[in-house]
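Engineer: Before we start, here is the structure in question, set down as structure tokens.
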Amino acid sequence: MPESLLYGTEVVLNGLMAGVLYALVALGFVLIYKASGIFNYAQGVMALFSAATLVGIMKGQVPFAHLINAALGTEIHHFGWHVPAVLAILLTMGVMVLLAWAVQKFVFRHLVNQEPIILFMATIGLAYFLEGFGDLMWGSDIKTLDVGLPQGGSFWIEENTQWLGMGNENFYGFFLDQLDLVATVIAAILVVALVLFSQYTKQGRAMRAVADDHQAALSVGISLNFIWVMVWSVAGFVALVAGIMWGAKSGVQFSLSLIALKALPVLMLGGFTSIPGAIVGGLIIGVGEKLFEFTVGPLVGGATENWFAYVLALVFLVFRPQGLFGEKIIERV
Amino acid sequence: MKLKFASMALGAVMAAAPAMADLVFPSLSYRTGPYAAGGIPFADGYADYFTLLNERDGGIGGVPARLLECETGYNTQKGVECYESTKGEGALVYQPLSTGITYQLIPKATADDIPIHSMGYGRTSAANGEVFSHVFNYPGNYWNGASGAINYLLEANGGDLSGKKIALVYHNSAYGKEPIRTLEELQKKHGYELSLLPVDHPGQEQKSQWLQIRREKPDFVLMWGWGVMNQVAVQEAANIRFPMENFIGIWWSGAEHDVLPAGDKANGYKALTFHNVGRDFPIFDDIQKYVVDTGKAAGAGDQIGNVLYNRGMYAAMLAAEAAKTAQEIHGTGEITASQMRDGMEALQIDEAKMAALGMPNFGPAFDVSCQNHGGPGLVGVTQWDAANKTWSLISDFAATDGEVIGALVAEDSAAYAAENNIEAGCK
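These protein sequences, in sequence, are chains G and L. Going by the working numbering, the residue at position 22 of the first sequence is 22; the numbering climbs one at a time, nothing skipped. Going by the working numbering, the residue at position 260 of the second sequence is 1260; the numbering climbs one at a time, nothing skipped.
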């Protein structure tokens, strides 16, 4: 195989992996938008908050330690125990369910029937609140997240693809990050689980009913409150998964909240209401931006990925305003 | 009634007037936002040093120091607001702690006759004091950093870099682009091959850049990163198994939190520095005794000895020493910002003074002058030991290429002077 083709293939494979990570973030947006029509600006911050909570629980960190110490004059920072990763993930899920309940109880319950822009503004407020609340609870230092996920290039893939170079010494075999491979498997399981949940469970069907028509769902006895708490909880779980994957790379820090920026072009492309759309959109954005950077980047000085993702999404929007898999909006006069 | 109004007006004026009973040092800190992890230790170090001077020595020259902290979130607009809201308090010197904020404050502070100290960041050509009368960037700047890295590599390669490949991974911003011109000039001189790899803000995703590095196989990688870009770059370098000892970051890419997320794989990573690292200095015993143990520390007291804490403390020490120099020059304890500028311009730091301050071999010896606001530009190299989780200084503070950097400083500052109708010369 020619060298450029080999490298191009490697870029495509890595683009697919990056796309899966983008899709993980986009999924949270889709779930909430689909069920409640809310574009949740706080999804990125939820990923940060959940990952910080996970690290805090794992390391036995005392929440609000600085506040407690300042108020009581104590010097307590840790409980002195370490919680295993699986248990910590379950406990973090509990915290995210509590957060979902609180968000519903104190914010969105009071905004039923408000304009979408009002709900959107409320999520902006929620994002700022969670940012500060998370910092106060767990501190704003960079936390190392180790839940036992493998990292680094896969030796096996490198060794078993080296023959493709046909003796080319410059080709070491394909590079694929083990963390990205794990993320792909987890994302696949997550999507299948979400699809099965929404198709074959009572709560899932109720969620879809609420998404279709709030008032009709209410009239047949579906509790909007319960469904919304459930959806925010599931979105919290997706945020936790995204937070773990991204946090394992860079440590858990404020910038995790900015991964939402990566999800926006994915949503524009895949549609705000489609779970498969988030996945396909993520893959197209991932591959598109990586290939563009590989082919055109060197000609224009590089760093094309951020803006190219949006350009690609905009091009799709011209032809399909609802996104690839979004529901077509028909307004009757 | 008129008398009442007059009294109220007088009261208001008196309240608004700067309090002259202390020496005011604003701290434009960022304890929140994406860069908080770097901002907090610096701000703690800066604050704790002034607290130490107040608690141990009764201030500077007998006058208490007052820290005026203002949160910028590393946001240029907020930084300018902080400047505007604090300058009336009698601010003596600003440490903008951001290249963007520094650029905005240069004309403002110059007009207000308040000095700026942008230590290891900001506008590099501000080293020319004849053009930038109120801006100081001693003891080193980005161009010194670029040259220091090349000098270090020259030394490690028997003085010859011809044919070697060097890649620069940089934050795609004014800050990240600072070393490019210098590296290009040095490329002509030393014959290495330079490739440029920009990373867009915030730098969470760098797969393309590191795949390119894996393809092109540079001998050395230099990095001008900040924030999450640093942690991801170190992790990605580890992922492609790039030799860490051949990976050198600028001083803003060389703190503990930059390497800890990558764990053992970060072992051997190097970073440039203009000050020493670690906790093995007598000054820290005093900080522990007078500041931390008395509950007066700016933070939780857990940052002492960290790279960025040391840098904040070093910046505070240089400010305090400049204030002392100004007090000596003008024969008064309660100096003004203008007098502080004079003190900064006459600042002399030598090893005897550093040792007396409890900071032996903490930073290079240097003198500031009207012509040279940038100091000697001596650069050292530190290396990360992942097992012990410590940085160590592995080289002396060595001279950089004054010939190349001097020409670039002269060119850039002359352009600035022409744009702003500044007549170069000493005050």
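Positions of the beta carbon are idealized from the N, C-alpha and C atoms, including for glycine. Just so it is clear, the structure is predicted and the values come from calculations on it, not from any experiment.
1) Go through the segment 196-234 of chain G residue by residue and report every complete run of the alpha helix (DSSP H) that reaches 4 residues or more, in order.
2) Is it right to say TRP246 (chain G) is buried, meaning 16 or more other beta carbons lie within 10 angstroms of its own, or is it exposed?
3) Would you say VAL1228 (chain L) reaches chain G, if we count a Cβ-Cβ gap shorter than 7 Å as a contact?
4) Tell me, which residues are paired with ILE1248 (chain L) by DSSP?
5) LEU218 (chain G) touches chain L at which residues, Cβ-Cβ below 8 Å?
6) What whole-angstrom Cβ distance do PRO1096 (chain L) and GLY1227 (chain L) have, given they're in contact under 8 Å?
7) Spell out a yes or no on whether the segment 1155-1173 of chain L and the segment 1347-1365 of chain L are touching, meaning 3 or more CB-CB pairs, one atom from each, closer than 8 Å.
8) DSSP puts TRP1384 (chain L) in a beta bridge; with which residues?
9) Pull out every residue of the segment 9-22 of chain G whose Cβ sits closer than 9 Å to any Cβ of chain L, in chain order.
10) Report the start-end ranges of each alpha helix (DSSP H) in the segment 228-269 of chain G that is 4 residues or longer and not cut off at the edges.
11) Pull up the distance between the alpha-carbon of GLN1303 (chain L) and that of LYS1353 (chain L), whole angstroms please.
12) Going by C-alpha to C-alpha distance, which of L:LEU1067, L:LYS1207, L:ASN1267, L:ALA1126 sits closest to THR959 (chain L)?
13) Going along the chain, which residues of its own chain have a beta-carbon closer than 6 Å to the beta-carbon of GLN253 (chain G), five neighbours each way excluded?
14) How is the alpha helix (DSSP H) around ALA1065 (chain L) delimited, first residue to last?
15) What residues match up with ASP177 (chain G) in a beta bridge as DSSP calls it?
16) Measure the C-alpha to C-alpha separation of GLY1254 (chain L) and GLY1225 (chain L) and round it to an integer number of angstroms.
17) Out of G:GLY73, G:LEU87, G:ALA278, which one is the CA nearest neighbour of ALA1300 (chain L)?
18) Going by the beta-carbon positions, is the gap between ILE1060 (chain L) and ALA1414 (chain L) smaller than 7 Å?
19) Hey, does THR184 (chain G) have any beta-carbon neighbour from chain L nearer than 7 Å?
20) Counting only Cβ pairs nearer than 8 Å, list the residues of chain L close to SER250 (chain G).
21) Give the secondary structure of ASN1144 (chain L) by DSSP, where H, G and I count as helix, E and B as strand, and everything else as coil.
22) Just reading off the beta strand (DSSP E) that GLU1055 (chain L) is part of, what are its end residues?
23) Whether or not the segment 52-72 of chain G and the segment 288-302 of chain G are in contact is what I'm after, with contact meaning three or more pairs of Cβ atoms, one per stretch, closer than 8 Å; do they touch?
24) Within the chosen definition, does the segment 44-53 of chain G reach the segment 199-209 of chain G through at least 3 CB pairs nearer than 8 Å?
25) Looking only at its chain, what residues have a beta carbon closer than 6 Å to the beta carbon of PRO321 (chain G), apart from the 5 residues adjacent to it on each side?
26) What number of angstroms, rounded off, separates the C-alpha of ALA1017 (chain L) from the C-alpha of ILE1287 (chain L)?
27) If I measure Cβ to Cβ from TYR41 (chain G) and keep anything under 6 Å in the same chain, skipping five residues before and after, which residues do I get?
28) Using the C-alpha atoms, what's the distance from GLY1163 (chain L) back to TYR7 (chain G)?
29) Assuming the contact rule is C-beta atoms closer than 8 Å, GLY1380 (chain L) and GLU1130 (chain L) should be a hit. Round their C-beta distance to whole Å, please.
30) Would you kindly check if the distance between the Cβ of PRO265 (chain G) and the Cβ of VAL303 (chain G) is under 7 Å?
31) Could you tell me if GLU1178 (chain L) is buried or exposed, where buried requires 16 or more neighbouring beta carbons within 10 angstroms of its beta carbon?
32) Here's a check: name, in chain order, each residue in its chain whose Cβ is nearer than 7 Å to the Cβ of GLY1374 (chain L), leaving out the five neighbours to either side.
33) Which chain G residues sit within Cβ distance under 8 Å of ILE1040 (chain L)?
34) Please check if any C-beta of chain L sits within less than 7 Å of the C-beta of THR144 (chain G).
35) Answer yes or no: does any C-beta atom of chain L fall closer than 7 Å to that of ASN168 (chain G)?
36) Based on Cα-Cα distance, which residue from L:ALA1322, L:LEU1260, L:TYR1175 lies nearest to TYR1103 (chain L)?
Structural biologist: Short version:
1) As far as the segment 196-234 of chain G is concerned, its whole alpha helix (DSSP H) runs of at least 4 residues are 202-212, 214-219.
2) For the purposes of this step, residue 246 (chain G) is identified with residue 246 of the first sequence, where counting begins at 1. Its Cβ being crowded by 16 or more others within 10 Å, TRP246 (chain G) is buried.
3) Counting from 1 along the second sequence, the entry for residue 1228 (chain L) is found at position 228. Judged by the 7 Å Cβ criterion, VAL1228 (chain L) is in contact with chain G.
4) Here the question's residue 1248 (chain L) lines up with position 248 in the second sequence. Note: ILE1248 (chain L) sits in a beta bridge opposite L:LEU1222, L:LYS1270.
5) If you number the first sequence from 1, residue 218 (chain G) lands on position 218. Residues of chain L whose Cβ lies closer than 8 Å to the Cβ of LEU218 (chain G) do not exist, since the nearest Cβ in that chain is about 41 Å away.
6) Numbered from 1 along the second sequence, position 96 holds the residue referred to as residue 1096 (chain L). Numbered from 1 along the second sequence, position 227 holds the residue referred to as residue 1227 (chain L). About 17 Å separates the two Cβ atoms, so there is no contact after all.
7) no
8) Taking the second sequence and counting its residues from 1, the one referred to as residue 1384 (chain L) is at position 384. According to DSSP, which records beta bridges pairwise, TRP1384 (chain L) is partnered with L:TRP1391.
9) GLU10, VAL11, ASN14, GLY15, MET17, ALA18, LEU21, TYR22
10) none
11) Against the second sequence, residue 1303 (chain L) aligns to sequence position 303. Against the second sequence, residue 1353 (chain L) aligns to sequence position 353. Whole-angstrom Cα-Cα distance: 25 Å.
12) The first residue shown for chain L is 1001 and the last is 1427, placing residue 959 (chain L) beyond what the model contains.
13) Your numbering for residue 253 (chain G) matches position 253 in the first sequence. Hits under 6 Å: ILE142.
14) The residue labelled residue 1065 (chain L) in the question sits at position 65 within the second sequence. From DSSP, ALA1065 (chain L) is part of no alpha helix (DSSP H) but of the beta strand (DSSP E) over 1065-1071.
15) Walking along the first sequence from the start, residue 177 (chain G) turns up at place 177. Paired residue(s): G:GLY153.
16) Here residue 1254 (chain L) corresponds to residue number 254 of the second sequence, with the count starting at 1. Here residue 1225 (chain L) corresponds to residue number 225 of the second sequence, with the count starting at 1. Taking the straight line from one Cα to the other gives about 9 Å.
17) Counted from its first residue, the second sequence places residue 1300 (chain L) at position 300. Of G:GLY73, G:LEU87, G:ALA278, the residue nearest in Cα terms is G:GLY73.
18) For the purposes of this step, residue 1060 (chain L) is taken as residue 60 along the second sequence, with counting starting at 1. For the purposes of this step, residue 1414 (chain L) is taken as residue 414 along the second sequence, with counting starting at 1. The answer is no: Cβ separation not under 7 Å.
19) Working through the first sequence from its first residue, we reach residue 184 (chain G) at position 184. Judged by the 7 Å Cβ criterion, THR184 (chain G) is not in contact with chain L.
20) Within the first sequence, residue 250 (chain G) is the residue found at index 250, counting from 1. What SER250 (chain G) touches in chain L: GLN1204, VAL1228, GLN1231, VAL1232, GLN1235, PRO1261.
21) As a first step, residue 1144 (chain L) is located in the second sequence; it is residue number 144 there, counting from the start. Taken through DSSP and simplified to helix, strand or coil, ASN1144 (chain L) comes out as helix.
22) Position 55 of the second sequence, counted from the first residue, corresponds to residue 1055 (chain L). It is not in any beta strand (DSSP E) - GLU1055 (chain L) carries neither H nor E in the DSSP assignment.
23) no
24) Touching, no, given that fewer than three Cβ pairs across the two stretches are closer than 8 Å.
25) Your numbering for residue 321 (chain G) matches position 321 in the first sequence. If we look at PRO321 (chain G) and ignore the five residues flanking it on each side, it has no Cβ neighbours.
26) Counted from its first residue, the second sequence places residue 1017 (chain L) at position 17. Counted from its first residue, the second sequence places residue 1287 (chain L) at position 287. For ALA1017 (chain L), the predicted structure reports a pLDDT of 44, less than 50, and the residue's modelled location is therefore unreliable. A value from the coordinates is still provided. C-alpha separation (whole angstroms): 33 Å.
27) In the first sequence, residue 41 (chain G) corresponds to position 41, counting from 1. Result list for TYR41 (chain G): THR123, ILE124, ALA127, in chain order.
28) Counting from 1 along the first sequence, the entry for residue 7 (chain G) is found at position 7. Counting from 1 along the second sequence, the entry for residue 1163 (chain L) is found at position 163. So the alpha carbons of these two residues sit roughly 24 Å apart.
29) Working through the second sequence from its first residue, we reach residue 1380 (chain L) at position 380. Working through the second sequence from its first residue, we reach residue 1130 (chain L) at position 130. Actually they are not in contact, since the Cβ atoms of GLY1380 (chain L) and GLU1130 (chain L) sit about 28 Å apart, beyond 8 Å.
30) Counted from its first residue, the first sequence places residue 303 (chain G) at position 303. Counted from its first residue, the first sequence places residue 265 (chain G) at position 265. Inspection of the sequence shows that residue 303 (chain G) is occupied by Ala rather than by Val. In this structure, PRO265 (chain G) does not lie closer than 7 Å to ALA303 (chain G) by Cβ.
31) To locate residue 1178 (chain L), count along the second sequence from 1; it is residue 178. So GLU1178 (chain L) counts as buried.
32) In the second sequence, residue 1374 (chain L) corresponds to position 374, counting from 1. Taken in chain order, the residues that qualify are ALA1127, ASN1137, TYR1138, ASN1141.
33) To locate residue 1040 (chain L), count along the second sequence from 1; it is residue 40. What ILE1040 (chain L) touches in chain G: SER140, ASP141.
34) Residue numbering aside, residue 144 (chain G) sits at position 144 when the first sequence is read from its first letter. Yes - at least one Cβ of chain L is within 7 Å of the one on THR144 (chain G).
35) Taking the first sequence and counting its residues from 1, the one referred to as residue 168 (chain G) is at position 168. No, no contact with chain L.
36) Counting from one through the second sequence, the residue named residue 1103 (chain L) turns up at place 103. Of the listed residues, the one whose Cα sits closest to TYR1103 (chain L) is L:TYR1175.
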